[in-house]
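*Asks:*
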């Protein structure tokens, strides 16, 4: 298996406080992997660190993130820009605010298509919308005219256009109803299948992770506890892993 | 609009250059004179106000003041006053700049204008004009005044050609012609080629209006203007001493004095006591003030009218020296004893005097108020200093309601009528209602009434002399400080023929030596 | 849009009316008799009857309410009476002085916008050290009083180098120093606003997405951030016009620039009531119009507002 | 495991740490502290009486006798500068107190009552805000006659409406917070909500506003004094000192520099403190691109 991404000994500080402690994991080409943990355990921080989106006072203390054999933490701003979008892309947990409010959907997608360097940006954008089962006339809409689920699908369409080698999805279904959640996840699956990207799927909800990935990382208080099969989590020796699995089971049961 | 006007200026400048370069013309000499305020008004009804300094180059008066401030002939060749009737003989061979001859008809028409104005300054009976020849006529004063000719020396009484628009194109007999006027910015006049009198030295005069005192001085230092017509003591203090700015002065004429509130209600009643007024008069170090301010050109004053004026003489008043000890004793005698904080008090009341500075504005005397404050503090008088840069506020907020103990004024008898100043400032019947509180009382009223009713000039002067002594010595309604010349400043190479009265400084007769 | 404008105008009517009352009252209730002052300054001896006649002529003898309604009924026809000091109509006086102030204020506004954008964007875009320096510079520039700055500029450029004139003739070359004086301070103040605005936007999620997409900084600024901040900035800039008009009073007096500032300072010292009243009303109106323009820009740049207004 | 839970720093250490991080704020505090010290210094140091004239030593440059030189009347510039600290800063602070005394209740009442009361109160504020502030202050001074008191009143009259608007905006934001709503639903009285819930919330941003507004008020007051319609001579006040210095700037630059720098530094101090506080309150950091 070839590594698409290798994270080694990543530690993160803010104001003298250690937030990520020696995080290491790898993601193979075309692999889909979950990253679960309780809220505030450092999942989103890990994602931000990989995408170079940390802002002060957060800073990386030690470790490396290897992409294509190069440590991206050493990258200049320009090199980062070349990597983002086409190599690594992230969709965020807050679709409501992630899209630029003052821009129509069309130009925002076309902008992505231009970055991806496709021949016909407009057609590519429309095709991507179709792929996530959205009508093409929403290119004329502003974000405020769309529902939360539609916005998240626009983000997935954006990922489709960019065709990143690694996609990080950070809680893409948070705050959405179950039906919409299902639609989003299937769009995401479509996207991964079509582009063959590696996926790091971040969630606090094992139930959701199960829909997209077989293996998952378990994070607790800034540390990776283990990497395991999603289905094996119930049998984990870590009590935090177990409680995550139990919470998911209870939710399923109550439905 | 703004761009348009500058474009127009450019075009006219181009034409000017073209017209000059065509014939072999002697270089035009031009002069730019800066004044504080634009007093040129275009309101026809207010035309008595229009002929201020700049416009005075276009229109002339009937008579002008001579060195002794007596009227001397200008457009009037001679005059006579007998039993209430004035007989006038006009100068012949004079014409208005549009060619209209100046004669008895046009002169009468011009003088009659002064009755159609709101303010009947000359007090001529308009029905009394009687033409007695092509260049002579008679008239009466409607109030029986013998001082009508004296009042005609005021530049506000210039004679216009009637029947034209005086606002937009004033036509007079003067040495200059109206050329251009930009309100609040500049007024330009050019030489009248057909002037009846001695031709002026300067071909073109531009009067610039620059409100800010410092900007006027800086502009002169920077070579942007040639002459400053209105000079303040601050400007003289800060004037460079390297010869780059030249000071021109007249004889001392303006007085700086403290008018005392003689009729004020509490708390402004301290000045009722003559001893307090005298103590104040003795506590002013006039020599020091004179040496520091006005470039050392002012002189310690014994009165508010200079001795040379009307041949009044210096000896009818004694003046006050500088003797803080004597001042202190006088205050002690008046019951004002020194308190522990260095301020005198009487019956539990602190000796705090409000000094309102100044008429016409504080910049005309600054920084004298601060200097006086220190001098008064030295004899135990606390000064509440109010500086006013607005003669309207000065008179309506402080003077008229009597809200002050001492009022600093910088003014002069800018008129050849010897009773003019004293009558307006120190009588209970003053037409300037604000000045009720400085009137010493009926005895001074009577003196000035007699002076104005006197039928010979000598008699007038005699009464004025007595009234003046009463005001500045015996009653101390005015505590004199300095007598100051009239100043102008110029760049080097300019000689300005000065006059004691600012309106009579003749900028057309300026000589250029470079 | 037109409907919105009409609503906006109608809702502003009480404010405008209140403004005229305030403008009229401030001046009319002030002490100081312009007539007497004028006569005294001329050395003219009026009788009581003369004074009363002049007061009646300028309507100064009537009660306040009567004078207000009389004044308003003429003011709506742009007749603000006659200047007591000069005898020209007030409208004429304003026309005479307005162009100079207009040019000064507009140039200063232009300078302000340029300086604020330059300082703000440079502070956002450059590296840590330059950014701290620029922000320090901004705070210092904001703190320098304009009149002091003017004097220092005069000292340097008029006296030391002799590059500029002090009392010009109102040509464009004489505009440079006053405009620099006016726009440095307000440009810095607004540079701070620009900086804060962009910074605030840079904390937003949509910027994070744009970065994740790989969009270049210039494009993020132009395409994503600009439409969001242009409305608030337009409001700040037009509000700055008010400050510039206030500052113009000081700067015009120092540089002898023949504008409305000179007119109003002189009018205050001469108690020239009609001028002061009209000046206040015009400043208020000018301010009102500029804030209206700002509102329109805000609506045009905010799709949500634009839609709301076009559908209403 | 324990090493990543925060070590509890004591408050003083934390404050000093914050000051180091916010160098602008600390410089601002140092400047204001220095002005406070200077204004108190006459209690310990004997200065030359600020109004005492030495007419023979007019316009003299800095020397051992007159450390900052003398002015056009031979008064000591240093002692006038020192004597002006409580006057200039005091006037600005007093004006700010007046502004707050009007705008705080105005903004609070308008924000809390809402509806018609709010509309009417804001309309009234708008009327005054329709005039450029300095021009409105000028008009008020024209009404009252030039004096320091008149300029304070003029500035306060022109400045309160915008402050009232800002305070109202703060109140509205605070009112929407969950716990204020909860308190309201729980039947707490308006007065209690104001003092227990709203005031504590708006106080920090209000501090920022006060600091920045005091800076602009100080600038306005010194501008008016400079125009000769604020503090009246011989009162030592920086703007008035600059007004007096103007004619002499070619001969005695020190007369111009001392009060000018004083105003600039004081305004700078206030601005730095205001800006610094704002940054302390808003800890959000922008994304790096």
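Residue numbers (the working numbering), protein chains in the order written: chain A, 10 to 264; chain B, 106 to 619; chain C, 3 to 314; chain D, 106 to 394.
We put the beta carbon where it would ideally sit given N, CA and C, even for glycine.
1) What does a CB cutoff of less than 6 Å around residue 565 of chain B pick up in its chain, not counting 5 residues either side in sequence?
2) Just checking my contact of residue 213 of chain A with residue 78 of chain A at CB under 8 Å: how many whole Å lie between their CB atoms?
3) For residue 394 of chain B, which three-state DSSP category applies?
4) Going by the beta-carbon positions, is the gap between residue 284 of chain B and residue 293 of chain B smaller than 8 Å?
5) Run through the DSSP bridge pairs and tell me what residue 167 of chain A is partnered with.
6) If contact means a Cβ-Cβ distance below 7 Å, which residues of the region 360 to 375 of chain D contact chain C?
7) Whole alpha helix (DSSP H) runs in the region 183 to 263 of chain C with 4 or more residues, listed along the chain?
8) For residue 573 of chain B and residue 532 of chain B, what's the separation of their Cα atoms in angstroms?
9) Chain D partners of residue 100 of chain C, CB-CB under 8 Å?
10) Establish whether the CB of residue 169 of chain A and some CB of chain D are separated by less than 8 Å.
11) Quick one: is residue 203 of chain C buried, meaning 16 or more other Cβ sit within 10 Å of its Cβ, or exposed?
12) CB residue 315 of chain B to CB residue 137 of chain B, shorter than 8 Å?
13) Suppose you measure from the CA of residue 113 of chain C to the CA of residue 186 of chain C; what does that come to, to the nearest Å?
14) How should residue 270 of chain B be labelled, buried or exposed, when 16 other C-beta atoms within 10 angstroms of its C-beta is the threshold for buried?
15) What does residue 545 of chain B reach in chain C if we use C-beta pairs closer than 7 Å?
16) Name the chain A residues whose beta carbon is nearer than 8 Å to that of residue 234 of chain C?
17) Does any C-beta atom of chain D lie closer than 8 Å to the C-beta of residue 65 of chain A?
18) Evaluate contact between the region 397 to 405 of chain B and the region 338 to 349 of chain B, counting only Cβ atoms and requiring at least three cross-stretch pairs below 8 Å.
19) Step through the CB atoms of chain B and report whether any lies within less than 8 Å of the CB of residue 353 of chain D.
20) Rounded to whole angstroms, what's the CA-CA distance from residue 315 of chain C to residue 263 of chain D? Just pull it up for me.
21) Around the C-beta of residue 139 of chain A, are 16 or more other C-beta atoms found within 10 angstroms, so that it is buried, or is it exposed?
22) Can you give me the start and stop residues for the alpha helix (DSSP H) that residue 235 of chain A sits inside?
23) Going along the chain, which residues of the region 277 to 307 of chain B sit with their C-beta nearer than 9 Å to a C-beta in chain C?
24) Apart from the five residues just before and just after residue 99 of chain C, which ones in its own chain have a Cβ nearer than 6 Å to its Cβ?
25) Enumerate in chain order the residues of its own chain whose CB-to-CB distance from residue 155 of chain C is below 7 Å, with the five nearest sequence positions on each side excluded.
26) Should residue 186 of chain D and residue 363 of chain D be called a contact, given that it needs their Cβ atoms to be closer than 8 Å?
27) I'd like to confirm the pairing. Which residues does DSSP put opposite residue 186 of chain B in its beta bridges?
28) Check whether the region 148 to 168 of chain C touches the region 81 to 91 of chain C, taking contact to mean three or more Cβ pairs, one atom from each stretch, closer than 8 Å.
29) Specify the secondary structure class of residue 346 of chain D as computed by DSSP and reduced to three states.
30) Nearest to residue 396 of chain D by alpha carbon, out of B:197, B:394, B:324, B:423?
31) Pull out every residue of the region 157 to 171 of chain C whose Cβ sits closer than 7 Å to any Cβ of chain B, in chain order.
32) Should residue 305 of chain D go down as buried or exposed, given a rule of 16 or more other Cβ atoms within 10 Å for buried?
33) Pick out the complete alpha helix (DSSP H) segments inside the region 230 to 275 of chain D, 4 residues or longer, and give them in chain order.
34) Beta-carbon within less than 6 Å of residue 384 of chain B's beta-carbon, same chain only, minus the 5 sequence neighbours each way: which residues are those?
35) Going by DSSP, which residues form a beta bridge with residue 363 of chain B?
36) Got a sec? Which residues, its chain only, sit under 6 Å from residue 407 of chain B by beta carbon, not counting five neighbours each side?
*Replies:* Here's the rundown:
1) Here residue 565 of chain B corresponds to residue number 460 of the second chain, with the count starting at 1. Result list for residue 565 of chain B: 523, 556, 559, in chain order.
2) Translated into positions along the first chain, residue 213 of chain A becomes position 204. Translated into positions along the first chain, residue 78 of chain A becomes position 69. About 33 Å; that fails the 8 Å criterion.
3) Translated into positions along the second chain, residue 394 of chain B becomes position 289. Annotated three-state conformation of residue 394 of chain B is helix, per DSSP.
4) Walking along the second chain from the start, residue 284 of chain B turns up at place 179. Walking along the second chain from the start, residue 293 of chain B turns up at place 188. Yes.
5) As a first step, residue 167 of chain A is located in the first chain; it is residue number 158 there, counting from the start. Answer is none; residue 167 of chain A lacks a bridge partner.
6) The region 360 to 375 of chain D vs chain C, Cβ under 7 Å: 361, 365, 368, 369, 372, 373.
7) Whole alpha helix (DSSP H) segments, 4+ residues: 207 to 215, 228 to 257.
8) For the purposes of this step, residue 573 of chain B is identified with residue 468 of the second chain, where counting begins at 1. For the purposes of this step, residue 532 of chain B is identified with residue 427 of the second chain, where counting begins at 1. In a straight line, the C-alpha of residue 573 of chain B is about 12 Å away from that of residue 532 of chain B.
9) In the third chain, the residue the question calls residue 100 of chain C occupies position 98. What residue 100 of chain C touches in chain D: nothing, since even the nearest Cβ is about 15 Å away.
10) Within the first chain, residue 169 of chain A is the residue found at index 160, counting from 1. No, residue 169 of chain A does not count as interfacial toward chain D.
11) Position 201 of the third chain, counted from the start, is the residue given in the question as residue 203 of chain C. Residue 203 of chain C is classed as buried because its beta carbon has at least 16 other beta carbons within 10 Å across all chains shown.
12) Here residue 315 of chain B is taken as the residue at index 210 of the second chain, counted from 1. Here residue 137 of chain B is taken as the residue at index 32 of the second chain, counted from 1. Contact: no.
13) Taking the first residue of the third chain as 1, we reach residue 113 of chain C at position 111. Taking the first residue of the third chain as 1, we reach residue 186 of chain C at position 184. So the two alpha carbons sit approximately 8 Å from each other.
14) Within the second chain, numbered from 1, the residue matching residue 270 of chain B stands at position 165. Label assigned to residue 270 of chain B: exposed.
15) As a working mapping, residue 545 of chain B is identified with position 440 in the second chain. Those do not exist, as residue 545 of chain B stays about 20 Å from chain C at its closest Cβ, beyond 7 Å.
16) Position 232 of the third chain, counting from 1, holds the residue named residue 234 of chain C. Identification of chain A residues near residue 234 of chain C by a Cβ-Cβ cut-off of 8 Å yields none; the smallest Cβ-Cβ distance measures about 12 Å.
17) Here residue 65 of chain A refers to the residue found at position 56 when the first chain is read from its first residue. Chain D, which has a Cβ nearer than 8 Å to the Cβ of residue 65 of chain A, makes this yes.
18) Cβ pair count under 8 Å is three or more, so yes.
19) As a first step, residue 353 of chain D is located in the fourth chain; it is residue number 248 there, counting from the start. At least one chain B Cβ lies under 8 Å of residue 353 of chain D.
20) The structure shown does not extend to residue 315 of chain C, since chain C is modelled only from 3 to 314, so the question has no answer here.
21) Position 130 of the first chain holds residue 139 of chain A. Within a 10 Å sphere around the beta-carbon of residue 139 of chain A sit fewer than 16 other beta-carbons, which makes this residue exposed.
22) Sequence index remark: in the first chain, residue 235 of chain A carries index 226 (1-based). Careful: residue 235 of chain A lies outside any alpha helix (DSSP H), inside the beta strand (DSSP E) at 232 to 238.
23) Correct list: 287, 288, 289, 290, 291.
24) Working through the third chain from its first residue, we reach residue 99 of chain C at position 97. Closer than 6 Å at Cβ, skipping near neighbours: 261, 262, 265.
25) The count along the third chain starts at 1 and reaches residue 155 of chain C at position 153. Taken in chain order, the residues that qualify are 179, 182, 183.
26) Sequence index remark: in the fourth chain, residue 186 of chain D carries index 81 (1-based). Sequence index remark: in the fourth chain, residue 363 of chain D carries index 258 (1-based). Remark: C-beta atoms of residue 186 of chain D and residue 363 of chain D approach each other more closely than 8 Å.
27) Along the second chain, read from residue 1 onward, the residue named residue 186 of chain B stands at position 81. Bridge partners of residue 186 of chain B: B:191.
28) Contact between the region 148 to 168 of chain C and the region 81 to 91 of chain C is absent, because fewer than three Cβ pairs lie under 8 Å.
29) For the purposes of this step, residue 346 of chain D is identified with residue 241 of the fourth chain, where counting begins at 1. Helix, per DSSP.
30) Shown here, chain D extends from 106 to 394; a query on residue 396 of chain D therefore has no answer.
31) Against chain B - using a Cβ distance shorter than 7 Å - the residues of the region 157 to 171 of chain C are 160, 167, 168, 169.
32) Taking the fourth chain and counting its residues from 1, one reaches residue 305 of chain D at position 200. Residue burial is scored here from C-beta neighbours: residue 305 of chain D has fewer than 16 other C-beta atoms within 10 angstroms and is therefore classed as exposed.
33) Segments of the alpha helix (DSSP H) lying fully in the region 230 to 275 of chain D: 238 to 249.
34) Along the second chain, read from residue 1 onward, the residue named residue 384 of chain B stands at position 279. So the list reads 432, 435, 436, once near-sequence residues are dropped.
35) Position 258 of the second chain holds residue 363 of chain B. Note: residue 363 of chain B sits in a beta bridge opposite B:513, B:584.
36) Taking the first residue of the second chain as 1, we reach residue 407 of chain B at position 302. 422, 424, listed in sequence order.
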